[in-house]
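The structure appears below as C-alpha cells.
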Amino acid sequence: MSDILKTTLGPLVLKNPVMVASGTFGYGLEYSDIMDISAIGGISVKGISLSPRPGNPPPRMCETPSGMLNSIGLANVGFDVFVTEMMPKLRAAGATVIANAYGTSASDFAELCRKFDDVEGIAAIEVNISCPNVKSGGIHFGVSGKPAAEVTAAVRQATRLPVMVKLSPEARDLKEVARAVEEAGADSVSLINTFRGMSIDVNTRRPRLGVGFGGLSGPAIRPLAVRMVYDVAQVVRIPIVGMGGITCLRDALEFFLAGASAVQVGTANFSNPTVAVEIINDLREYCTNRNIRPADLVGKVEMG
Amino acid sequence: MSDILKTTLGPLVLKNPVMVASGTFGYGLEYSDIMDISAIGGISVKGISLSPRPGNPPPRMCETPSGMLNSIGLANVGFDVFVTEMMPKLRAAGATVIANAYGTSASDFAELCRKFDDVEGIAAIEVNISCPNVKSGGIHFGVSGKPAAEVTAAVRQATRLPVMVKLSPEARDLKEVARAVEEAGADSVSLINTFRGMSIDVNTRRPRLGVGFGGLSGPAIRPLAVRMVYDVAQVVRIPIVGMGGITCLRDALEFFLAGASAVQVGTANFSNPTVAVEIINDLREYCTNRNIRPADLVGKVEMG
Amino acid sequence: MTTTDNSKKYLKTRIQRVETVAPGYSLLSFECTPPLTGIPGQFVMIRGAWGASPVLPRAFSIVQAGNIGQVLVRDVGPGTSLLCNMHSGDELAVLGPLGNGFVEPKSTKAVLVAGGVGVAPLVFLAEKLAERDVPVTFLYGARTENDLPLKERIENCANLIITTEDGSIGTKGRVTIPLKETLQDQNCVVYSCGPNLMLEAVGKICAAAGVECQVALESPMACGMGTCKGCAVVRPDGSFTYVCTDGPVFVAATIYGGEK
Amino acid sequence: MTTTDNSKKYLKTRIQRVETVAPGYSLLSFECTPPLTGIPGQFVMIRGAWGASPVLPRAFSIVQAGNIGQVLVRDVGPGTSLLCNMHSGDELAVLGPLGNGFVEPKSTKAVLVAGGVGVAPLVFLAEKLAERDVPVTFLYGARTENDLPLKERIENCANLIITTEDGSIGTKGRVTIPLKETLQDQNCVVYSCGPNLMLEAVGKICAAAGVECQVALESPMACGMGTCKGCAVVRPDGSFTYVCTDGPVFVAATIYGGEK
Ligand SMILES: Cc1cc2nc3c(=O)[nH]c(=O)nc-3n(C[C@H](O)[C@H](O)[C@H](O)COP(=O)(O)OP(=O)(O)OC[C@H]3O[C@@H](n4cnc5c(N)ncnc54)[C@H](O)[C@@H]3O)c2cc1C
Ligand SMILES: Cc1cc2nc3c(=O)[nH]c(=O)nc-3n(C[C@H](O)[C@H](O)[C@H](O)COP(=O)(O)OP(=O)(O)OC[C@H]3O[C@@H](n4cnc5c(N)ncnc54)[C@H](O)[C@@H]3O)c2cc1C
Ligand SMILES: Cc1cc2nc3c(=O)[nH]c(=O)nc-3n(C[C@H](O)[C@H](O)[C@H](O)COP(=O)(O)O)c2cc1C
Ligand SMILES: Cc1cc2nc3c(=O)[nH]c(=O)nc-3n(C[C@H](O)[C@H](O)[C@H](O)COP(=O)(O)O)c2cc1C
Ligand code: FES
Ligand code: FES
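Chains as they are written, first to last, in the numbering used here: chain W, 5 to 308; chain S, 5 to 308; chain X, 51 to 310; chain C, 51 to 310.
Right under this line is the structure:
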C-alpha cells in the first residue's frame, strides 16, 4: 500500500491517519449499511471491559453550546461477546480495529490486554485511563503520572500489540503524565478524552444527566484540545493521536500542525456518520495537490 | 433599598447579583450612551496594574465554536489614570465598581490594593490570579494553593475593602486553591477565568493569535464552569461568584443552583451590550413571580 | 403487511417546503433520491447546515416516506427552532429509517391515541392502515383547537375523535376519556405516541382492559442507531433498554409494567 | 460638513430585505427607529438571532444611514454566511454608529479608491459628496466584472473608473495604475478602503505624490467600542492603535509610515 496517506505510529501502521473515536462509532458494524468502514484509518471501538457493563442511569446525554455532555458510563458488551460476536464481522469487513480497553486496576487492565493479545485482527490497544464517567478506574489513573505509568507498564508487559494510552484533559500536569506513560512503554498517546462538566435543568432544578456530571466533547473543546496536543508534542517523542471537536479537514489539519501524527473524530460522527470518510477523501486530495504526506505537516505550526 | 434582588457577599452588598466580568465591559463608561450602568450589580473593570500596560502583539482575538480566544495581555491605562480619569465619572454615573487587580508578585498586588483602599467609590477588589495571557504573575499564582494563599494574605493585609479572589480553571486542584484562599482571608471567590487554548490558521500555518495562545471564554465553557462552581461550593463557606458563558437568565439560574451567590456576564456583553441589564430585569420578574430572593436558589440543585 | 425497514441511508438533500400547519408546528418536506423507506413508528435523524451549534441531529418520526419525505416539527428548542425557520432549497442531512416501527394489527380494528406532536407517526400509520382498509379510530388530544396539526389528513382516513383541555373543540378533557369507551370493544390494538405521562396512562388503561398496546417513546439521542448508548430508558426490572434500537415502539407493558 | 457621530445606539430590529448584488455579496437593509445616524467610514456591529455560535457580532461599514440602514456583506465565513442567508423579517441586532468616519475634503476634489468589499463605506461617501456637489473620481478595483457590487450606485454619483485583474471590464490590472494618473492633479484628497496590501500601496503612492490619504482599516473585533482591546494594530513606532475607537479611518501615513 503506497497510498500517500499511509501513516506509521511507532509499531502501528494505518492506511490513513483519520480514525473514529471510542464511544462515538459503536463497534463500527452499525455503519456498514451506509459506508465502507474499511476505508477508515482505524476504528477505536466502544470501551471494552472484562465483564459487560450496563452503564449509568439515564438521562445519559444532553447538549451544550457546540458540544455535548455524556455520562454513558462505559456501557459495553464485555470482552467475550466483543471477541466472539463482533470481531469476526469486523475482520470480514476489513476494518482496522483499535481495542479501547477499560479496567478498574492495573492488573485488571493487564488481564484484559493479555486476552486481546490472542485475538486475531486487533491492530492496537487504546488504554483508557481518562474516562470521567466511572466510579473506579478511568480518570483516576489519568490525573497524575504515577498511576498512569503503573497502568501503562502493566499493559506493556501483558501485550505485544501496539499500546496507545489515552490521556485526560483533567490531568493535574498533562505534560508530566504524557512523559510518564512514554517512559513506561507506551507506543503512542491519544488525547483528549472528555472534560468533566455539569448542566442543570433550571425547571426541575436537577442535573440534566442522571449521575449529575458528564464528559464534555465536541467543537466547544477544540481550542483546548489543540493546545494540549501542542503542549504534549513539546515533551514526548512518541507519536500523538489528537482529537477533540474535529468536524472537517480544516480541523484535522489544525491537529496535525499542532503535533498530532493522526487524529480521531468523535462527536462529529453523530452529526454526520460519514464524516471520517469525507475527511479522509478531502485529506487525500489536499496531500495529492500539494504532493505531501500528512507526516510532513506534523508539528509544523510556526510559532512567534 | 429593599429590592428583592439585593445581594450580600460577605462584607459586600450589591443591589443585585448580576455583574459584568472584567475585560468584557471596559471601564463601564463606554456603555453610558446605551444604558444606565448604575443598574448593573457590579462592574468588574478591565484588569488594572500599577503601571499602564500596552498589551500583547496582535492579532489578540479569534473566534471558536460557541466561544472566543483572547490574548489581550491585560492592556490597561494603569492605576493613576484609572483613578483620576475614570473613577470620577464612574462615581457620577452611580456605578458599583469592582476593581480587578493584577500584579506580578504578592508585594506588587499588596501595593496596588493598598492604593485602592484610599480611592472613593470602589466596592470591592477582585484579585486576578488567573490571567492566562501574561508572562509573569497571573495564572502562575492560581494553579496551586500556596502561591494563591500568599497573594490573598498580602492583599488581605493591605486593604479593608472586600476581597474577591478570581480563580483559574487551570488550577491543578481547584478545591485546594479555593480552600487556601478562603483560609488566607478572601471574602469571596469568583470563577472561572479563561482556559488556555490555541487555534491555528491552517493556511498560514501560524497560530491565529499573535502570542500563540489565548484564553477561551463564552458559552462553550459553561458546562465546565458550572461544574467547577459546584465543586468549589462543596468545600468553601465564603460566597462564590460564578461565571463562564452566561448569556441569559436561564444560564444565570444554572450558576445560582450550582452554588454561586452572584454571577458575572463576560463574553455575552460583546454579543449584546445590554445583556446584563436584561438578565437583571428577567431575574427580578422571575423572583417576584415566585416570591423568592436569588439567595433562595443558591446551591439548590437536587443531586441524586 | 409492512415490517420494519433496516436498510438505513444517509442522505444529503434539500428542503422542498416548510409549512406552518399549526402555531409552533411545521411540516418539513424534503426530496429523497433514492426514496425514503420506512414504516410508521420508524424515525429519521435530521440536521441542517447551521454550523457548530447545536451539534447533534434531531430525531423525528416519519410522517411520509417515498420521493418526498416528511416530518412534523414542533418548535421546542434551538434545534427545532432552526428547522422550523428553514426555507425551500436549504441543505438538510437525513439518516434513516431508524428503529422499529409499529407492528400492524392482527385484529381487525386499530385505535390510535395521539397527544401533541405524538400525532406524527400515527398520521403515517392511519394513512397506511386506511390503504389496507383497516378501520381506524383516531383519538387526538390537545390543549386547544389551535394545537391540532394535520387534523385534516386524519379526517381523510380515520374516524377522528378530538379532546381538548379547554373544550374549544371536541370533548373537553383528556384523551383517556374516549379511550376507555372505545376499549369496550376489545377486538382492537392500541397505538400511542405523546407525552410520557399520557403514554403511561394509556398503557395502564389498555392493560386493565386486556388490550394490546404499542407505544412510541422518546429519549435524548445522539446517534439514533445503537452506537452511543445515550438513549437508555429503565425497564420495570431495573435493566436498560435503548429507544433507538429496541424501540422507539415498545409493547407498553414492557415499559410500564404489567407484562402478561 | 458632516462629522463623526458619537451617539451610538443598540437597536433590536428586523431585516427588511436581503438582496444579492453580486455573486457572494448581499446588500442587507434593516429598519431603524430611531433612524441610524453616522457618516461614511463609521461602522455598525451586527448579529442575527442564530444561537450560541458564532458568539460575536460582525463589523460592517455603513452603506446607508436613516430609517432604513444598509450594509454590504461579503460571504467569507460562518457569520457573514448566516447573514447573507437571512430573510426579510428575521431578527437583527445593530450597534452603532461606531468609530471615526472619513474627514471630508477641504480641497475641491475627492478620489475614492475601493478594492473588493472595501467599496461599502466609499459608496456612502460618494453619495454624500455628490449631495454637496464635490466632484468625485471613484477608482474601483476587482478581480472580474462579476465582483463589482453597487457599481450602478457609483455611476449615478461619481466618475467611475474600473480596473479588473482579468480585464473583463475596464482597465486590466490593479487600481493603483489609474490612481497614479489621477494624482497628477494634486488638489485632492484620497479615501481608500480594501485589502491591507492595497491600502498600503495606495498610502505610499499618495505619500510620494504629496496628497493627503485616509484609509479605513479592518481588524478582528469583539466589542467595536473600545472595551475589549482586541482590535489593536501596530503603528510604525511599535505602539498600538485601536481600529474601533482610533479608526477605522486613519490618516494613511500614521499607519504605513512616512508621516509628515
Ligand atoms: C424517536 C423520536 C421521535 C421523535 N419524533 C418527533 C417528531 O416527529 N416531531 C417532533 O417535533 N419531535 C420529535 N421528537 C422529539 C425531538 O427530537 C425533540 O423535540 C428535539 O430533539 C428537541 O431539540 P431542540 O434543540 O429543539 O430542543 P432541546 O433544547 O434539545 O430540547 C428542548 C426540550 O425538549 C426536551 N428534549 C430534548 N431532546 C428530546 C428528545 N429527544 N426527546 C424528548 N424530549 C427531548 C428537552 O429536555 C427540553 O425540554 C422525537 C424524538 C425521538 C427520540
Ligand atoms: C470596521 C470594519 C468594517 C467592515 N466592513 C465590512 C463591510 O462593509 N462588508 C463586509 O463584508 N465586511 C466588512 N468587514 C469585515 C467583516 O467584519 C468580516 O468579514 C466578518 O467579521 C467575517 O466574519 P465571518 O464569521 O463570516 O468569517 P470569519 O470566520 O470570522 O473570518 C473569515 C475570514 O475573514 C477574516 N476575518 C475575520 N474577521 C475579520 C475582520 N474583522 N476583518 C478582516 N478580516 C477578518 C478571517 O481571518 C478569515 O480569513 C469589516 C470589518 C471591520 C473591522
Ligand atoms: C457518547 C460518548 C462516549 C464515549 N465513550 C468513550 C469510551 O468508551 N472510551 C473512550 O476512551 N472515550 C470515550 N469517549 C471520548 C471520545 O472518544 C473522545 O475522546 C472525546 O469525545 C473527544 O473527541 P470529540 O470532541 O471529537 O468527541 C466518548 C465520547 C462520547 C461523546
Ligand atoms: C477579551 C477578554 C478580556 C478579559 N480580561 C480580563 C481581565 O482583565 N481580568 C480578568 O480577571 N478576567 C478577564 N477576562 C476573563 C473574564 O472576566 C471571564 O472570567 C471569562 O471571560 C469567562 O466568562 P465568559 O465566558 O462569560 O466570558 C477577560 C475575558 C475576555 C473575553
Ligand atoms: S441514540 Fe445512540 S444508542 Fe440510541
Ligand atoms: S473591538 Fe473592542 S476595543 Fe476595538
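Here a beta-carbon is modelled for each residue, glycine too, at the ideal position from N, C-alpha and C.
Name the one or two DSSP bridge partners that S:Arg210 has.
In DSSP, S:Arg210 forms a bridge with S:Asp205.
In chain W, what lies closer than 7 Å to X:Ala143 by C-beta?
Asn276
Return the CA-CA distance between X:Gln120 and X:Ser131, expressed in angstroms with no decimal places.
17 Å
Cβ-heavy atom distance between W:Thr28 and ligand 3 below 6 Å?
yes
Check whether the Cβ atoms of X:Phe300 and X:Val261 sit closer than 7 Å, and answer yes or no.
Contact: no.
For a contact meaning CB atoms closer than 7 Å, what does C:Ala102 contact in chain W?
Pro69 and Ser70
Going along the chain, which unbroken runs of the beta strand (DSSP E) with 3 or more residues stay wholly within the stretch 144 to 217 of chain C?
159 to 165, 186 to 192 and 209 to 214
Using 6 Å as the cut-off, classify the Cβ of X:Thr130 as near or not near the heavy atoms of ligand 1, replying yes or no.
yes
So, helix, strand or coil for X:Asn117, using DSSP?
strand
Extent of the continuous beta strand (DSSP E) run through S:Asn132:
Ile126 to Asn132
From S:Val233 to S:Ala264, what distance separates their C-alpha atoms?
A direct Cα-Cα distance of roughly 7 Å separates S:Val233 from S:Ala264.
In angstroms with no decimal places, state the Cα-to-Cα distance between W:Pro298 and C:Pro245.
32 Å
Count Cβ pairs between the stretch 158 to 173 of chain W and the stretch 189 to 199 of chain W that sit closer than 8 Å; are there 3 or more?
yes
Go ahead and pull the three-state DSSP assignment for W:Gly180.
Contrary to the premise, residue 180 of chain W reads as Glu rather than Gly in this sequence. Helix at W:Glu180.
Which whole-angstrom value describes the C-beta separation of S:Ser275 and C:Pro107, a residue pair presumed to lie in contact below a C-beta threshold of 8 Å?
Rounded, the Cβ-Cβ distance is 6 Å, consistent with contact.
Taking contact to mean at least 3 C-beta pairs separated by less than 8 Å, is the stretch 72 to 84 of chain X in contact with the stretch 179 to 198 of chain X?
Verdict: yes, contact present.
What is the DSSP secondary structure of X:Met51, reduced to helix, strand or coil?
At X:Met51, the pLDDT of 46 sits below 50, so the modelled position is not reliable; the number obtained from the coordinates is stated separately. In the structure shown, X:Met51 sits in coil (DSSP, three-state: anything other than H, G, I, E or B).
Distance between W:Ala103 and W:Arg288 (C-alpha atoms, nearest Å)
26 Å
Any idea if X:Thr53 is buried or exposed, counting beta-carbon neighbours within 10 angstroms, 16 or more meaning buried?
X:Thr53 sits exposed, since fewer than 16 C-beta atoms from the chains shown fall within 10 Å of its C-beta.
Measure the C-alpha to C-alpha separation of S:Glu282 and S:Cys252 and round it to an integer number of angstroms.
Their Cα atoms are separated by approximately 8 Å.
Within 7 Å of chain B by C-beta, residues of the stretch 194 to 208 of chain S in sequence order:
In the displayed structure, chain B is absent; the protein chains listed are W, S, X and C.
C-alpha gap between X:Thr63 and X:Glu141, whole angstroms
Between the alpha carbons of X:Thr63 and X:Glu141 lies a distance of about 6 Å.
Between the alpha carbons of W:Met5 and W:Val147, how many angstroms are there, rounded?
Residue placement at W:Met5 is poorly supported in this model, since its pLDDT is 43, which falls under 50; the coordinates still yield a value, given next. One C-alpha to the other measures close to 39 Å.
Taking only heavy atoms of ligand 1 into account, decide whether any of them is closer than 6 Å to the Cβ of X:Ser157.
no
State yes or no: is the C-beta of C:Leu122 within less than 7 Å of the C-beta of C:Leu77?
yes
S:Ala35 versus S:Gly98 - alpha carbon distance
Sequence check: residue 35 of chain S is Tyr here, not Ala. Rounded to whole angstroms, S:Tyr35 to S:Gly98 spans 13 Å at the Cα level.
Looking at the C-beta of W:Glu258, does it have a partner C-beta in chain X at a distance below 7 Å?
Answer no: the Cβ-Cβ gap between W:Glu258 and chain X never drops below 7 Å.
Any idea what DSSP makes of W:Ile76, helix, strand or coil?
If DSSP states are grouped into helix, strand and coil, W:Ile76 belongs with coil.
So, using beta-carbon positions, are S:Val24 and S:Val267 closer together than 7 Å?
no
Counting Cβ pairs, one atom from each stretch, are 3 or more of them under 8 Å apart for the stretch 50 to 67 of chain S and the stretch 265 to 285 of chain C?
Touching, yes, given that three or more Cβ pairs across the two stretches are closer than 8 Å.
Below 8 Å on the Cβ atoms is my guess for W:Leu94 versus W:Gly125; work out the distance and round it to an integer in Å.
7 Å
In whole angstroms, what is the alpha-carbon distance linking C:Lys24 and W:Asp177?
As shown, chain C starts at 51 and ends at 310. That puts residue 24 of chain C outside it, with no answer to give.
At a cut of 8 Å, does the stretch 237 to 254 of chain C reach the stretch 160 to 176 of chain C through at least three beta carbon pairs?
yes
Step through the CB atoms of chain C and report whether any lies within less than 7 Å of the CB of S:Arg64.
yes
Give the secondary structure of S:Ala280 by DSSP, where H, G and I count as helix, E and B as strand, and everything else as coil.
helix
Looking only at its own chain, which residues have a Cβ that is under 8 Å from the Cβ of S:Gly214, when we skip the five neighbours before and after it?
Asn60, Pro61, Pro62, Pro63, Arg64 and Ser75
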